[in-house]
Amino acid sequence: MNETLRSLFRQLAHPFGRESVILLLRMWLGIIMIYHGSDKLFRSFDPFTNHLTTFGIPLSKFVSSFFTISQFLGGALLFVGFLSRPALVCVVLTVFSAVVEALFYVNYDPFSRKGELAFTYAVLGFALLISGPGRYSLDAWLANKAQEHAEDE
4 MNETLRSLFR QLAHPFGRES VILLLRMWLG IIMIYHGSDK LFRSFDPFTN HLTTFGIPLS
64 KFVSSFFTIS QFLGGALLFV GFLSRPALVC VVLTVFSAVV EALFYVNYDP FSRKGELAFT
124 YAVLGFALLI SGPGRYSLDA WLANKAQEHA EDE
């Protein structure tokens, strides 16, 4: 293996590399959720509610509101890394509902376009939930400030 590749692997194995990957994944999932949430929130909220009603979901207005807010606000919180874990819980629940829809209501195929994409978002959200928001987040910055303040006292 040449030296350039070794250097690249060393950089990726270094915490800076892992933290950068977490940042990239967190921001990407945040952007995707903002996009899907804003589409429902600002353009097609009623069709989404009607869509849930056709599946016999009780309280479809409440459920569609929860999913829409989870996607939009949760995505925005993820993007900046603020309240990341609570936001990720909501996002994972929301995208997992799309996985369930693809598996049991649409075409019973987890590898259909809708099922595969929703499952990918769910896995990404769950992985970020486990890893946490990373060093490059408002959560980490606030935690550092709180620790510095506690040490000063």
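Residue numbers (this note's numbering): 4 to 156.
Glycine residues also receive a C-beta, built at the ideal position from the N, C-alpha and C atoms.
Proximity below 9 Å, CB of residue i to CB of residue j
i: residue 95; j: residue 118; result: no
i: residue 36; j: residue 69; result: no
i: residue 11; j: residue 128; result: no
i: residue 104; j: residue 121; result: yes
i: residue 141; j: residue 91; result: no
i: residue 97; j: residue 73; result: yes
i: residue 22; j: residue 139; result: yes
Best match in the options for proximity to residue i [C-alpha to C-alpha]
i: residue 26; options: 121, 64, 81 and 46; result: 81
i: residue 49; options: 33, 66, 34 and 146; result: 66
i: residue 134; options: 122, 87 and 6; result: 87
i: residue 100; options: 60, 6 and 53; result: 60
i: residue 24; options: 97, 34, 137 and 6; result: 137
Assumed close pair residue i, residue j - CB separation to whole angstroms, cut-off 8 Å
i: residue 40; j: residue 84; result: Going by Cβ atoms, the distance from residue 40 to residue 84 rounds to 18 Å, so no, they are not a contact pair.
i: residue 71; j: residue 28; result: That pair is no contact at about 23 Å.
Minimum length 4: unbroken alpha helix (DSSP H) runs contained in the segment 112-137
116-134
Inside the segment 64-88 only - alpha helix (DSSP H) runs reaching at least 4 residues
none
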